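What follows is a set of notes on a single structure, which appears directly below.
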Amino acid sequence: MMPRLLALALYLYYSPVKSIDQFISMSSQHNILSLTNQIKASRICLIKPSALGDVVQTLPILPVLKARFPDAQISWVIRDSFANLLEGHPCLDEIIPFSRRSSVPYWWGFLKDLKQRQFDLVLDLQGLMRTGIMTAATRARWRIGIEAAREGSHLAYNMTIPETSRCVPAYQKYWNVADAFETVETSRETRIYISDQDKAWARKTLSTGERSCPTLAIHAGAQWITKRWPPESFAAVGAKAIRHFRCNIVLVGTAEERPLTSQIEQLLHKFVPTGRVLNLAGQTTLKQLAAVLMETDYLLTNDSGPMHLAAGLGTPVTGIFTCTSARRSGPPGDQHELVSTNVDCAASYQKRCPKRGPQNLCCMDELEVTRAWQALYRLISRQAAQRDSSAA
4 MMPRLLALAL YLYYSPVKSI DQFISMSSQH NILSLTNQIK ASRICLIKPS
54 ALGDVVQTLP ILPVLKARFP DAQISWVIRD SFANLLEGHP CLDEIIPFSR
104 RSSVPYWWGF LKDLKQRQFD LVLDLQGLMR TGIMTAATRA RWRIGIEAAR
154 EGSHLAYNMT IPETSRCVPA YQKYWNVADA FETVETSRET RIYISDQDKA
204 WARKTLSTGE RSCPTLAIHA GAQWITKRWP PESFAAVGAK AIRHFRCNIV
254 LVGTAEERPL TSQIEQLLHK FVPTGRVLNL AGQTTLKQLA AVLMETDYLL
304 TNDSGPMHLA AGLGTPVTGI FTCTSARRSG PPGDQHELVS TNVDCAASYQ
354 KRCPKRGPQN LCCMDELEVT RAWQALYRLI SRQAAQRDSS AA
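Just so you know, we're using the numbering used here here: the sequence shown kicks off at 4 and counts up by one.
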């Protein structure tokens, strides 16, 4: 990653001069809507490189922007590893992949390229130094950010959108951004466009299970160690799902998470030797993962990108929350079951456990298998009852 001092130097070089009265932080959604109605833009750039869950939750903004600016070209700056997810979206004209692990010459060229595109409107929904630099580099007339912006990125904006602080649930924060531009009511549905080829691949891949039985996907990975509920616990819940509901189990994750899913696979075969377990970790593209999650009936997961991906596709989720808040970071909708730890440092959003000695990561033991199983049991039973009611 580029050294921070060099990043700051580039930031200052590119940052346009702003007068005080040019910066607007509106106090109400009504006021900002009246202001955004004045914006005229033919080239729009949405900057949201990561993470996967945040990218998924940002997707409802695209149809709003397309409805508000029907003739504009809309571009999205996104981390190259997530770019596949945006392919085929009808409201998006251009995907600008960004490599996080890049050299100074790459950075310099990338920023010059952003400037040459002559954007009129830029939305920085990441709010970090890196994206602040990108925003400033565009020299766009309208440079809009969120209240949760940090690392000095707000210096690149001439407008911030209200009710977008870190106190607001993540999905609501992005919906509030959409509200700031909405002149015609638009659905907040998350639209992910999956090709027929990927759908067919997912159906064929999952066809090895018992078709009359529900399919439970399990994602036990997470970016932070403080968000990773133990694999033994996931395996214990999965085994109960096999015994009680005859579930087919599908393990999903990245290639780096393959050792984790292999451990769960071994434990499941130990607990229930006759259980049907398919390990797909590291074997899917993002679109294929989306297709798999769309085909499965339920997902048991940590707070992670696949959780939001599944929820956005309409798959009911049982989510495990340790160091993060279910209210702030969970998916919208009452069809999900979200389980949180009750330790004193719960929802602290710390990447490393603040406790030492025997109390280190005590949240993992405090959130017992029984509680997670009860949540999954409620979810499966409720969905089954709804299907029976619809069929009657």
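For every residue, glycine included, the Cβ atom is placed at its ideal position computed from N, Cα and C. All values reported here derive from a predicted model rather than from experimental measurement.
Inset, instruction - Take D96 and list the residues in its own chain whose beta-carbon comes closer than 8 Å to its own, dropping the five residues that flank it on each side. - result: Q76, I77 and S78
Legend entry - Whole-angstrom distance between A378 and L89, CA atom to CA atom: 32 Å
Inset, instruction - Select from T327, L281 and H157 the residue whose C-alpha is nearest the C-alpha of T208. - result: L281
Legend entry - Segments assigned beta strand (DSSP E), at least 3 residues, entirely inside the region 250-325: Runs of the beta strand (DSSP E) inside the region 250-325: 251-254, 280-282, 301-305 and 320-324.
Inset, instruction - My understanding is that L128 touches I50, with C-beta atoms under 8 Å, so please give their C-beta distance in whole angstroms. - result: 7 Å
Inset, instruction - Taking only runs that begin and end inside the region 168-224, name each unbroken alpha helix (DSSP H) of 4 or more residues, in chain order. - result: 173-182 and 199-209
Inset, instruction - Can you check DSSP and say which residues form a bridge with I47? - result: I47 pairs with I77 and L124.
Inset, instruction - May I ask you to report which of helix, strand or coil DSSP gives W145? - result: Three-state result, W145: strand.
Legend entry - Inter-residue Cα distance where the pair is L68 and I245: 44 Å
Legend entry - Environment of P361 [buried if 16+ CB atoms lie within 10 Å]: exposed
Inset, instruction - Only counting runs of 3 or more residues, tell me where the beta strand (DSSP E) segments fall wholly within the region 328-382, in order along the chain. - result: Whole beta strand (DSSP E) segments, 3+ residues: 340-343.
Inset, instruction - Report yes if the C-beta of M367 is less than 6 Å from at least one heavy atom of the ligand ATP; otherwise report no. - result: This structure lacks the ligand ATP, and indeed carries no ligand of any kind.
Inset, instruction - Determine, using beta carbons only, whether Q60 and Y160 come nearer to each other than 7 Å. - result: no
Inset, instruction - Rounded to whole angstroms, what's the CA-CA distance from P335 to A223? Just pull it up for me. - result: 21 Å
Inset, instruction - Taking only beta-carbon positions, decide if L289 is within less than 7 Å of chain C. - result: The chain inventory of the structure shown lacks chain C, comprising one protein chain alone.
Inset, instruction - Return the first residue and the last residue of the alpha helix (DSSP H) that E235 is part of. - result: P234 to F248
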